[in-house]
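Trainee:
There are 2 protein chains.
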Amino acid sequence: MSKSASPSPLSSASGQAPGCPSVPASRRPNARERLLDAALKLIRETGYAATTVDALCAEAGATKGAFFHHFASKDDLAVAAAAHWSETTGALFETAPYHDPDDALDRIFAYLDFRDALLAGTVPEFTCFAGTMIQEVHESAPAIRDAAYACVTGHAHTLEADFAEALALCGPPDAPSAQSLALHTQAVLQGGFILAKGAGHAGPARESLAHLRRYLEQLFDRKETGHA
Amino acid sequence: MSKSASPSPLSSASGQAPGCPSVPASRRPNARERLLDAALKLIRETGYAATTVDALCAEAGATKGAFFHHFASKDDLAVAAAAHWSETTGALFETAPYHDPDDALDRIFAYLDFRDALLAGTVPEFTCFAGTMIQEVHESAPAIRDAAYACVTGHAHTLEADFAEALALCGPPDAPSAQSLALHTQAVLQGGFILAKGAGHAGPARESLAHLRRYLEQLFDRKETGHA
DNA sequence: TTGAACATACCGACTGGTTGGTATGTTCGC
DNA sequence: GCGAACATACCAACCAGTCGGTATGTTCAA
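Line by line, the protein sequences are chains A and B. Under this note's numbering, think of the first position of the first sequence as 164, with each following residue one higher. Under this note's numbering, think of the first position of the second sequence as 164, with each following residue one higher.
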């Protein structure tokens, strides 16, 4: 995907240590959910291979027994976490206000504004879980790679209708396809995330997003509108 | 960076098993060099954390003793491998023919052609060693992250002069900086690599490169030239 | 020219801590 | 009292890193 997170909605895994007496661990949202949230957090911070099952359990306030009760293996958790990521970010994007404008092109630029606004907080908070996993396991764990890539293409797909509509209204005759544009949008975001990780801040991601905005403004011959 | 590799020049690590009688291991390019080549290959295939020192040694036809004779730690090798990557790809790009055209903008489009031509072979052969490492270690190993990010920015820097010249000749009045354009170029490449890893082939990377070309054509008001 | 002193490059068995995964309970809602 | 949801104890494989040793120079004083 490329779905990134605003600090709050996606950083929900509690770091509560096992043994904390206030709330019995088994009474909080079930261990499966907590383990999935922990996976999103830790894997975005340190990558898949470097995230151990023990660390996942500690972060989630669960035990190994709970882990292997819900997931057949670490890889199995990764696949489930990809689905979890799609759900979480899917909800975030579905209810976001960038769908409001009547004009398709306005919605696209509003989407870019929204993505820019998500570039807040620390690097692991706004970068993409799916992109991180794809890069790490693409050769070694096809099941995880496919699940993570489906997050990306799935999210890109939600942009296609707007691109198609904008293309029909004011696209140039030799325009690329809506699908290609939607995927390129995600590629720019993913690339921006990598540079942001290298730089240690969102700066490069913001700049690439601005270039993408300019590209689309030129492509659709819209020179104003954007506020970013 | 974002330097990627043509199959041949960057896939040089020999997989010769230890004990192969034809050429005594100690007579081939020294163990340090072989270990660095092995690092480029294996880390691009399976990532940094999942690449073990033993696997590196096996790939290089070296022993653990040789490994820790030349490198203080696995992290130390990663930093050295980043420098090695910069040297290897630096030589590839320096001697590439895209510098030939007299016009700066022509050189930029020739660079894009060259990058497109590098998108051959298998995914691990054309993707970027530096980008892979940045994503994995950005939070956990600052020294490696910085070394890898320096590969990217260093390569981007080699494009800045051409962008500056093109900007001066035919850039729009409100154009972005040469530095920002050079960095965005790398972001698009990196993002394309991630999608390519997810898809299992270079297709998405090629498409994003085509979008980048179109962006630059529009920005510099050059509608022909490109062949891609 | 020789040979002691030192340096570099490499070898591979070993270690102690870690890892993913298992085996065997316990708890509790129904 | 039964099965899902956990917990605890444990294990074999694996991992990065160590260490004593060898082979092959290089340096330089006698």
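In this text, a Cβ means the ideal position worked out from N, Cα and C, and glycines have one as well.
Does DSSP classify B:SER189 as helix, strand or coil?
Mentor: Looking up residue 189 of chain B in the second sequence gives position 26. At B:SER189, the pLDDT of 36 sits below 50, so the modelled position is not reliable; the number obtained from the coordinates is stated separately. In this structure, B:SER189 counts as helix in the three-state DSSP scheme.
Trainee: With DSSP run on the structure shown, which of helix, strand or coil describes A:LEU282?
Mentor: Here residue 282 of chain A corresponds to residue number 119 of the first sequence, with the count starting at 1. Note: A:LEU282 maps to coil in three-state DSSP.
Trainee: Of all the CB atoms in chain A, is at least one closer than 8 Å to the CB of B:ARG376?
Mentor: Along the second sequence, read from residue 1 onward, the residue named residue 376 of chain B stands at position 213. So no, B:ARG376 is outside the interface.
Trainee: How about A:VAL163: is its C-beta nearer than 8 Å to some C-beta of chain B?
Mentor: Residue 163 of chain A lies beyond the stretch modelled for chain A, which goes from 164 to 391, so this question has no answer here.
Trainee: If you scan the region 284-349 of chain B from start to end, which runs of the alpha helix (DSSP H) of 4 or more residues do you find wholly inside it?
Mentor: 286-289, 292-300 and 305-333
Trainee: At a threshold of 7 Å, does A:SER371 count as lining the ligand NAP (C-beta to nearest heavy atom)?
Mentor: Although the ligand NAP was asked about, the structure shown includes no ligands whatsoever.
Trainee: Is A:LYS360 close to chain B? Criterion is C-beta to C-beta, closer than 8 Å.
Mentor: Position 197 of the first sequence, counting from 1, holds the residue named residue 360 of chain A. Answer yes: the Cβ-Cβ gap between A:LYS360 and chain B drops below 8 Å somewhere.
Trainee: Give the secondary structure of A:TYR211 by DSSP, where H, G and I count as helix, E and B as strand, and everything else as coil.
Mentor: Walking along the first sequence from the start, residue 211 of chain A turns up at place 48. Of the three classes helix, strand and coil, the one that applies to A:TYR211 here is coil, per DSSP.
Trainee: Report, in whole angstroms, the separation of the C-beta atoms of A:PHE356 and A:THR251, which I expect to be a contact under 8 Å.
Mentor: Within the first sequence, the letter at position 193 stands for residue 356 of chain A. Within the first sequence, the letter at position 88 stands for residue 251 of chain A. Between A:THR251 and A:PHE356 the Cβ distance is about 17 Å, and since that is not below 8 Å, they are no contact.
Trainee: When you check each C-beta in the region 274-298 of chain B against every C-beta of chain A, which residues fall closer than 7 Å?
Mentor: VAL286, PRO287, GLY294, THR295, ILE297 and GLN298
Trainee: Which one of B:THR258, B:PRO305 and B:ASN193 has the shortest CA to CA distance from B:HIS232?
Mentor: Counting from one through the second sequence, the residue named residue 232 of chain B turns up at place 69. Nearest C-alpha to B:HIS232: B:ASN193.
Trainee: Can you tell me the Cα-Cα spacing of A:ASP239 and A:LEU281, whole angstroms?
Mentor: As a position in the first sequence, residue 239 of chain A is number 76, starting the count at 1. As a position in the first sequence, residue 281 of chain A is number 118, starting the count at 1. Those two C-alpha atoms are separated by around 29 Å.
Trainee: Go ahead and pull the three-state DSSP assignment for A:SER371.
Mentor: Here residue 371 of chain A refers to the residue found at position 208 when the first sequence is read from its first residue. Helix.
Trainee: Answer with yes or no whether the minimum CB distance from B:ARG308 to chain A is below 8 Å.
Mentor: Your numbering for residue 308 of chain B matches position 145 in the second sequence. B:ARG308 counts as touching chain A.
Trainee: Determine the contact status of B:ALA321 and B:ILE206, defining contact as a CB-CB distance below 8 Å.
Mentor: Within the second sequence, the letter at position 158 stands for residue 321 of chain B. Within the second sequence, the letter at position 43 stands for residue 206 of chain B. Residue identity differs from the one stated: residue 321 of chain B is Thr in this sequence, not Ala. Contact: no.
Trainee: Taking contact to mean 3 or more Cβ pairs, one atom from each stretch, closer than 8 Å, check whether the region 306-320 of chain A and the region 314-331 of chain B are in contact.
Mentor: Too few Cβ pairs lie closer than 8 Å, so no.
Trainee: Are the C-beta of B:GLY210 and some C-beta of chain A separated by less than 8 Å?
Mentor: As a position in the second sequence, residue 210 of chain B is number 47, starting the count at 1. Yes, B:GLY210 lies at the interface with chain A (some Cβ there is under 8 Å from its Cβ).
Trainee: Looking at the C-beta of B:LEU205, does it have a partner C-beta in chain A at a distance below 8 Å?
Mentor: Along the second sequence, one-based indexing puts residue 205 of chain B at 42. Not one chain A Cβ lies under 8 Å of B:LEU205.
Trainee: In terms of residues, what are the limits of the alpha helix (DSSP H) holding B:ALA259?
Mentor: Mapped onto the second sequence, residue 259 of chain B falls at position 96. No alpha helix (DSSP H) holds B:ALA259; DSSP gives it neither H nor E.
Trainee: Have a look at B:ASP276 and B:LEU268 and give me their C-alpha separation to the nearest angstrom.
Mentor: Position 113 of the second sequence, counted from the first residue, corresponds to residue 276 of chain B. Position 105 of the second sequence, counted from the first residue, corresponds to residue 268 of chain B. So the two alpha carbons sit approximately 12 Å from each other.
Trainee: 8 Å is my cut-off, CB to CB: does B:PRO336 come that close to chain A?
Mentor: Here the question's residue 336 of chain B lines up with position 173 in the second sequence. Closer than 8 Å: no.
Trainee: B:HIS320 CB to nearest chain A CB: under 8 Å?
Mentor: Within the second sequence, the letter at position 157 stands for residue 320 of chain B. No, B:HIS320 does not count as interfacial toward chain A.
Trainee: Using a beta-carbon distance below 8 Å, is A:ALA350 in contact with chain B?
Mentor: Here residue 350 of chain A refers to the residue found at position 187 when the first sequence is read from its first residue. Yes - at least one Cβ of chain B is within 8 Å of the one on A:ALA350.
Trainee: Leaving out five residues on either side along the sequence, give the residues of the same chain with a beta carbon under 6 Å from the beta carbon of A:ALA311.
Mentor: Counting from 1 along the first sequence, the entry for residue 311 of chain A is found at position 148. These residues qualify, in order along the chain: ALA245, ALA293, MET296 and ILE297.
Trainee: Could you tell me the alpha carbon to alpha carbon distance between B:ALA188 and B:ARG197, rounded to whole angstroms?
Mentor: Position 25 of the second sequence, counted from the start, is the residue given in the question as residue 188 of chain B. Position 34 of the second sequence, counted from the start, is the residue given in the question as residue 197 of chain B. Residue confidence is low: B:ALA188 scores 36 on pLDDT, short of 50, so the model does not pin down where it sits. No coordinate-derived value is stated.
Trainee: I need the DSSP call for B:SER249, collapsed to helix, strand or coil.
Mentor: For the purposes of this step, residue 249 of chain B is taken as the residue at position 86 of the second sequence. Three-state DSSP puts B:SER249 in a helix.
Trainee: Among residues of its own chain, excluding the 5 on either side of B:HIS364, which ones have a beta-carbon nearer than 8 Å to its beta-carbon?
Mentor: Residue mapping note: residue 364 of chain B aligns to position 201 of the second sequence, counting from 1. Closer than 8 Å at the Cβ level, and outside the excluded window around B:HIS364, lie VAL286.
Trainee: Helix, strand or coil for A:ARG385 per DSSP?
Mentor: In the first sequence, residue 385 of chain A corresponds to position 222, counting from 1. Here A:ARG385 sits in coil by DSSP.
Trainee: Based on Cα-Cα distance, which residue from B:ARG278, B:THR209 and B:ASP200 lies nearest to A:PRO305?
Mentor: What you label residue 305 of chain A is simply residue 142 of the first sequence in a count that begins at 1. The option with the nearest alpha carbon to A:PRO305 is B:THR209.
Trainee: Take A:GLN342 as the anchor and find which of B:HIS374, B:LEU346, B:TRP248 and B:GLN342 has the nearest alpha-carbon.
Mentor: On the first sequence, position 179 is the one that residue 342 of chain A refers to. Selected option, being the one with the closest Cα: B:HIS374.
Trainee: Could you tell me which of B:LYS204, B:ASP384, B:HIS262 and B:ALA243 sits nearest to B:ARG195, measuring between CA atoms?
Mentor: In the second sequence, residue 195 of chain B corresponds to position 32, counting from 1. The candidate whose alpha carbon is nearest that of B:ARG195 is B:ALA243.
Trainee: Compare the C-beta of A:HIS405 against all C-beta atoms of chain B and say whether one is closer than 8 Å.
Mentor: The question about residue 405 of chain A has no answer here: the residues shown for chain A are numbered 164 through 391.
Trainee: Which same chain residues, not among the five before or five after A:ALA345, have their C-beta less than 6 Å away from its C-beta?
Mentor: Taking the first residue of the first sequence as position 1, residue 345 of chain A is located at position 182. Within the same chain, A:ALA345 has close Cβ partners ALA319, LEU322, GLU323 and PHE326.
Trainee: Name the residue from B:LEU382, B:ARG369 and B:ARG376 whose alpha carbon lies nearest to the alpha carbon of B:ALA283.
Mentor: Along the second sequence, read from residue 1 onward, the residue named residue 283 of chain B stands at position 120. Of the listed residues, the one whose Cα sits closest to B:ALA283 is B:ARG369.
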